[in-house]
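Visitor: Please read through the structure below; I'll follow up with questions.
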Amino acid sequence: MRIVVCLKQIIDPELPSSQFKIDPGSKRQQPNGHPLVISPYDENALELALQLRDQTAGHVTVLSVGQSSAVSALRKGVAMGADEAALISDPALEGSDAFGIAAALAQGIQKLGPPDLVLCGCESGDWADRIIGPILAEALGIPCVTYVARAEKHNGHVRAQRVVEEGYEIWEVTPPLLLTILSHESNVPRYPKVKDIMTASRRPISTWSLSDIGLDTGHVGNAVTRVEIQELTLPTRESRCEFLEGEPGGQVASLITKLREKKVI
Amino acid sequence: MGGIFVFAKVENGVPSRSTLELLGGAQKIAAGLEEPVTAGLLGQGDAALLYAYGVETVYRVDHPLLKEYQADLHLLALERIGRTAEPRVILLPGDSLGRDLAGRLAFRLQTGIVTEVIDIDVHPSEKSLRFTRQAYGGKAIAAIVPKAFPVVATLKPRTFDPAARAGDRTGTEIPVEAPLDGAQAGTRLVERVQEETTGVKLEDAQVVISGGRGLGGPEGFDLLVELARVLKGAVGSSRAATDAGWVPSSMQVGQTGKTVSPDLYIAVGISGATQHVAGISGAKTIVAINTDPEASIFKVAHLGIVGDYKAILPPLIARCRELVGG
Ligand SMILES: Cc1cc2nc3c(=O)[nH]c(=O)nc-3n(C[C@H](O)[C@H](O)[C@H](O)COP(=O)(O)OP(=O)(O)OC[C@H]3O[C@@H](n4cnc5c(N)ncnc54)[C@H](O)[C@@H]3O)c2cc1C
Ligand SMILES: Nc1ncnc2c1ncn2[C@@H]1O[C@H](COP(=O)(O)O)[C@@H](O)[C@H]1O
Numbered sequence: 001m002r003i004v005v006c007l008k009q010i011i012d013p014e015l016p017s018s019q020f021k022i023d024p025g026s027k028r029q030q031p032n033g034h035p036l037v038i039s040p041y042d043e044n045a046l047e048l049a050l051q052l053r054d055q056t057a058g059h060v061t062v063l064s065v066g067q068s069s070a071v072s073a074l075r076k077g078v079a080m081g082a083d084e085a086a087l088i089s090d091p092a093l094e095g096s097d098a099f100g101i102a103a104a105l106a107q108g109i110q111k112l113g114p115p116d117l118v119l120c121g122c123e124s125g126d127w128a129d130r131i132i133g134p135i136l137a138e139a140l141g142i143p144c145v146t147y148v149a150r151a152e153k154h155n156g157h158v159r160a161q162r163v164v165e166e167g168y169e170i171w172e173v174t175p176p177l178l179l180t181i182l183s184h185e186s187n188v189p190r191y192p193k194v195k196d197i198m199t200a201s202r203r204p205i206s207t208w209s210l211s212d213i214g215l216d217t218g219h220v221g222n223a224v225t226r227v228e229i230q231e232l233t234l235p236t237r238e239s240r241c242e243f244l245e246g247e248p249g250g251q252v253a254s255l256i257t258k259l260r261e262k263k264v265i
Numbered sequence: 266m267g268g269i270f271v272f273a274k275v276e277n278g279v280p281s282r283s284t285l286e287l288l289g290g291a292q293k294i295a296a297g298l299e300e301p302v303t304a305g306l307l308g309q310g311d312a313a314l315l316y317a318y319g320v321e322t323v324y325r326v327d328h329p330l331l332k333e334y335q336a337d338l339h340l341l342a343l344e345r346i347g348r349t350a351e352p353r354v355i356l357l358p359g360d361s362l363g364r365d366l367a368g369r370l371a372f373r374l375q376t377g378i379v380t381e382v383i384d385i386d387v388h389p390s391e392k393s394l395r396f397t398r399q400a401y402g403g404k405a406i407a408a409i410v411p412k413a414f415p416v417v418a419t420l421k422p423r424t425f426d427p428a429a430r431a432g433d434r435t436g437t438e439i440p441v442e443a444p445l446d447g448a449q450a451g452t453r454l455v456e457r458v459q460e461e462t463t464g465v466k467l468e469d470a471q472v473v474i475s476g477g478r479g480l481g482g483p484e485g486f487d488l489l490v491e492l493a494r495v496l497k498g499a500v501g502s503s504r505a506a507t508d509a510g511w512v513p514s515s516m517q518v519g520q521t522g523k524t525v526s527p528d529l530y531i532a533v534g535i536s537g538a539t540q541h542v543a544g545i546s547g548a549k550t551i552v553a554i555n556t557d558p559e560a561s562i563f564k565v566a567h568l569g570i571v572g573d574y575k576a577i578l579p580p581l582i583a584r585c586r587e588l589v590g591g
């Protein structure tokens with residue numbers, strides 16, 4: 001089974017709000033030297049890919065669109081166990097929207113050769129548009145199941161558990177297909193071993209420009225975005241917590257009184 | 266050409282809650298844009314139920330293959346309707362359906378898309394649209410303007426007030442032909458499983474009690490379920506608790522999980538990451554129980570108890586039981 005996992009490198013999304021600053025020019029988060037990580041759900045997707053590969057034979061490629069720094073995200077992917085990695089990086093991609101990124105990913109996937117399975121995170125840890133996976137599936141002309149908690153091979157098909165409001169659904173799909181992956185106890189990302197990190201650090205990572213993947217610059221970049229970020233601001237938060245003091249019994253008694261005053265119980 | 270198009274669902278003789286929220290969003294901008302509200306219906310739901318909320322035109326695709334949800338077939342029908350109605354705005358719910366279809370629809374209509382919208386404004390003189398959404402897990406707010414039309418937008422659930430009835434009105438129904446064929450479905454449903462712990466739907470509950478990593482294990486949730494039973498509420502969780510496999514994913518509250526808007530939200534052993542808080546902004550009273558007085562959850566809570574949940578919940582359950590029992 002040939003699997004491609006799309007990895008996005010982002011600024012650590014678990015950084016506290018107090019360290020979050022906006023760059024007014026780009027209307028994006030200021031990097032400020034904060035740690036760069038693989039967008040969390042993409043790591044879950046890679047973990048699933050590695051498990052599926054290890055069950056039988058297969059090949060896992062990690063693919064990213066980004067700046068040269070994203071090489072470190074791909075190296076981590078290799079250290080976790082991916083067989084191959086490629087970065088699509090080109091100044092013309094700057095300011096692309098989801099359609100531009102998906103177009104580049106689609107061309108990169110064509111260059112790698114037809115996959116059986118493409119995995120994306122269900123949503124990125126910074127903008128969480130939740131659309132690059134489905135758009136990429138359209139660009140590749142393959143079926144797509146979103147918000148998948150687990151997936152397995154089943155008689156030549158893939159069975160995917162899609163999380164919905166009421167519970168979950170099991171969908172069966174014949175490859176090739178694309179899944180967008182949700183975190184789940186079954187896909188907790190493995191920690192790479194020190195030895196594998198060392199080996200990965202010496203691995204050359206292919207870096208492709210737009211001309212390497214045969215994509216016209218007219219399909220990407222700021223000039224062709226279909227929506228525009230006009231403004232990025234910080235939300236206003238007012239702290240208003242009333243702490244209930246005392247021993248547990250007293251705290252509970254005060255809580256009950258307050259909740260009855262507010263008529264919520 | 267023009268109009269605010271809502272993808273509607275009519276279930277058991279009423280528009281679904283998400284449909285009413287979409288209609289609420291549509292009503293909010295219809296006057297400013299001076300454009301009508303239109304809707305799409307798949308299957309046989311009663312269009313008159315939508316006219317009563319001010320919908321002027323209902324586009325319908327009725328086909329036996331649309332009875333059960335299947336993404337490719339729903340998308341084909343929706344794409345047909347979109348091309349027929351030619352609206353300015355297409356509103357879809359930001360739930361599992363919107364997450365499945367919205368991006369693909371925008372791709373097919375070669376247009377722009379904004380997801381998880383929490384507010385929409387119309388510029389009074391230019392009549393241009395501006396969408397508001399959260400970014401960076403709730404650490405920032407973005408204003409986004411469309412450059413291509415029709416613009417597809419998904420509305421974050423439980424954020425827009427449901428539409429009010431506009432009184433006795435009528436409208437026009439336009440049937441749309443969509444030649445569907447089972448072979449166009451690239452995925453096949455094997456099974457659909459419902460998961461509920463207390464019988465009250467999390468999204469509808471007036472009381473929600475959520476647990477996080479601080480519960481230390483799945484057993485901790487037994488106390489939450491007990492309290493929820495007494496208060497006729499529902500149990501939710503943080504991502505850390507679902508990732509650990511303590512409770513099913515459908516119970517997760519937050520950015521990736523559900524948005525809830527109860528009168529009372531009790532966060533137990535939850536640190537209050539912005540991605541969690543993103544799911545509770547509609548809660549009227551937030552109570553936090555946490556051992557760490559510095560936990561971020563106390564920045565959004567109204568009432569806070571610094572303490573171990575194991576010491577707090579048993580007397581709380583007992584007191585609530587007394588109250589409920591009379
Ligand atoms: C793209 C993205 C999407 C996300 N979506 C979601 C989402 O939908 N929902 C969500 O919840 N998170 C989401 N997260 C994760 C989020 O950032 C946090 O990692 C997560 O919410 C932490 O869960 P927690 O509060 O249970 O765990 P922790 O942060 O580990 O907090 C545990 C808390 O329990 C307290 N505690 C410990 N012991 C006790 C005790 N005995 N009694 C009382 N308190 C105790 C601790 O003081 C601590 O504050 C998302 C993250 C990303 C990047
Ligand atoms: N620049 C990128 N490079 C590789 N994959 C990406 C990129 N941006 C988004 N993705 C993939 O698309 C998923 C969803 O992103 P989004 O639509 O932004 O929520 C991510 O989890 C990744 O798997």
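Protein sequence lines correspond, in order, to chains A and B.
The first sequence begins at 1 in the working numbering and counts up by one.
The second sequence begins at 266 in the working numbering and counts up by one.
Ideal placement from N, C-alpha and C gives every residue a C-beta, glycine not left out.
It should be emphasised that the depicted structure is a prediction, and the values quoted were computed from it without experimental measurement.
Mind checking whether THR322 of chain B and THR303 of chain B have CB atoms under 8 Å apart?
Guide: Contact flag set, yes.
Visitor: Examine ligand 1 and report whether any of its heavy atoms sits within less than 7 Å of the Cβ of ASP337 of chain B.
Guide: It does not: the Cβ of ASP337 of chain B is nowhere closer than 7 Å to a heavy atom of ligand 1.
Visitor: At the 8 Å Cβ level, is VAL62 of chain A part of the contact set with chain B, yes or no?
Guide: No, its Cβ sits nowhere closer than 8 Å to a Cβ of chain B.
Visitor: Examine ligand 1 and report whether any of its heavy atoms sits within less than 7 Å of the Cβ of GLU123 of chain A.
Guide: Under cutoff, so the answer is yes.
Visitor: In chain order, what residues of the same chain lie with their CB nearer than 7 Å to the CB of GLY58 of chain A, ignoring the 5 residues before and after it?
Guide: Excluding sequence neighbours, GLY58 of chain A sits near MET1, ARG2, ILE3 and LEU52.
Visitor: Given the structure, does LYS76 of chain A come close to ligand 2, in the sense that its CB is under 7 Å from one of the ligand's heavy atoms?
Guide: No - ligand 2 has no heavy atom lying nearer than 7 Å to the Cβ of LYS76 of chain A.
Visitor: Determine, using beta carbons only, whether LYS404 of chain B comes closer than 8 Å to chain A.
Guide: Chain A, which has a Cβ nearer than 8 Å to the Cβ of LYS404 of chain B, makes this yes.
Visitor: List the endpoints of the continuous beta strand (DSSP E) containing LYS153 of chain A.
Guide: 144–154 is the span of the beta strand (DSSP E), which, as asked, contains LYS153 of chain A.
Visitor: Could you tell me how far apart the beta carbons of PHE425 of chain B and GLY290 of chain B are, in whole angstroms, since I believe they sit closer than 8 Å?
Guide: Their Cβ separation, rounded to whole angstroms, is 4 Å, which keeps PHE425 of chain B and GLY290 of chain B in contact under 8 Å.
Visitor: What does ILE10 of chain A pair with, by DSSP beta-bridge criteria?
Guide: Its beta-bridge partners are A:VAL37.
Visitor: Using a Cβ cut-off of 9 Å, pull out every chain E residue sitting near ARG364 of chain B, in sequence order please.
Guide: Absent here is chain E; the protein component of the structure consists of chains A and B.
Visitor: Residues of chain A with CB under 7 Å from THR322 of chain B, in chain order?
Guide: Here the premise fails: no neighbours, minimum Cβ distance about 26 Å.
Visitor: Please report the straight-line C-alpha distance between ARG282 of chain B and PRO427 of chain B, rounded to a whole angstrom.
Guide: Their Cα atoms are separated by approximately 7 Å.
Visitor: Taking only heavy atoms of ligand 2 into account, decide whether any of them is closer than 7 Å to the Cβ of GLY297 of chain B.
Guide: GLY297 of chain B Cβ: outside cutoff for every heavy atom of ligand 2.
Visitor: Using 8 Å as the threshold, is the segment 194–207 of chain A in touch with the segment 134–143 of chain A, meaning 3 or more CB pairs across them?
Guide: As far as the Cβ criterion goes, the segment 194–207 of chain A does not touch the segment 134–143 of chain A, which means the pair count is below three.
Visitor: Using DSSP bridges, identify the partner residues of ARG395 of chain B.
Guide: According to DSSP, ARG395 of chain B bridges with B:ASP386.
Visitor: Cutting at 7 Å between CB atoms, please list the residues of its own chain near GLU152 of chain A, excluding the five before and the five after it.
Guide: Cβ neighbours of GLU152 of chain A beyond the five flanking positions: ARG159.
Visitor: How would you call LYS332 of chain B, buried or exposed, if buried means at least 16 neighbouring beta carbons within 10 angstroms?
Guide: Exposed is the call here.
Visitor: In this structure, does DSSP put ALA499 of chain B in helix, strand or coil?
Guide: Reduced to three states, the DSSP call for ALA499 of chain B is strand.
Visitor: Between B:THR284, B:GLY477, B:ILE551 and B:ILE409, which lies nearest to GLN471 of chain B when the distance is taken from Cα to Cα?
Guide: Closest option to GLN471 of chain B, Cα to Cα, is B:ILE551.
Visitor: Let's see if you can read the secondary structure: which residues bound the beta strand (DSSP E) around CYS120 of chain A?
Guide: Per DSSP, CYS120 of chain A belongs to the beta strand (DSSP E) from 117–121.
Visitor: Given this structure, state the Cα-to-Cα distance separating ILE88 of chain A from ILE213 of chain A, to the nearest angstrom.
Guide: Computed Cα separation, rounded: 8 Å.
Visitor: Which residues of chain B have a Cβ atom closer than 9 Å to the Cβ of ASP126 of chain A, listed in chain order?
Guide: By Cβ distance, chain B contributes ALA400, TYR401 and GLY402.
Visitor: Alpha carbon to alpha carbon, how far is VAL416 of chain B from VAL379 of chain B? Give it in angstroms, no decimals.
Guide: So the two alpha carbons sit approximately 8 Å from each other.
Visitor: Taking CB distances under 8 Å as the criterion, tell me whether GLY95 of chain A reaches chain B.
Guide: Closer than 8 Å: no.
Visitor: Which ranges would you report for the beta strand (DSSP E) in the segment 31–102 of chain A if only whole runs of at least 3 residues count?
Guide: If we require 3 residues or more, the beta strand (DSSP E) runs fully inside the segment 31–102 of chain A come out as 36–38, 59–65 and 84–88.
Visitor: Give a yes or no on contact between the segment 507–517 of chain B and the segment 163–171 of chain A, applying the rule of three or more CB pairs nearer than 8 Å.
Guide: Contact holds: three or more Cβ-Cβ distances are below 8 Å.
Visitor: By the criterion of Cβ-Cβ separation under 7 Å, what are the contact partners of TRP208 of chain A in chain B?
Guide: Simply none; closest approach about 23 Å.
Visitor: At a cut-off of 7 Å, would you count ASP557 of chain B as near ligand 1, judging by its Cβ distance to the nearest heavy atom?
Guide: Correct: ASP557 of chain B has its Cβ closer than 7 Å to ligand 1.
Visitor: Closer than 8 Å by beta-carbon distance: list the chain A residues that pair up with ASP508 of chain B, in chain order.
Guide: The contacting residues are SER183, HIS184, GLU185 and VAL188.
Visitor: Mind listing which residues of the segment 560–572 of chain B have their C-beta closer than 8 Å to chain A's C-betas, in chain order?
Guide: Cβ contacts with chain A come from SER561, PHE563, LYS564, VAL565, ALA566, HIS567, LEU568, GLY569, ILE570, VAL571 and GLY572.
Visitor: With a cut-off of 8 Å, does the C-beta of ILE577 of chain B fall near any C-beta of chain A?
Guide: Chain A, which has a Cβ nearer than 8 Å to the Cβ of ILE577 of chain B, makes this yes.
Visitor: Please state the DSSP three-state secondary structure of VAL194 of chain A.
Guide: The answer is helix: DSSP assigns VAL194 of chain A an H, G or I state.
Visitor: I'd like to confirm the pairing. Which residues does DSSP put opposite GLN161 of chain A in its beta bridges?
Guide: GLN161 of chain A is bridged to A:ARG150 and A:ILE170.
Visitor: Return yes when the Cβ of GLY522 of chain B is within less than 8 Å of the Cβ of ARG504 of chain B, no when it is not.
Guide: Result yes, Cβ atoms of ARG504 of chain B and GLY522 of chain B sit closer than 8 Å.
Visitor: Using a 10 Å radius around the Cβ and a threshold of 16 neighbouring Cβ atoms, would you call GLY590 of chain B buried or exposed?
Guide: When all chains shown are included, GLY590 of chain B counts as exposed.
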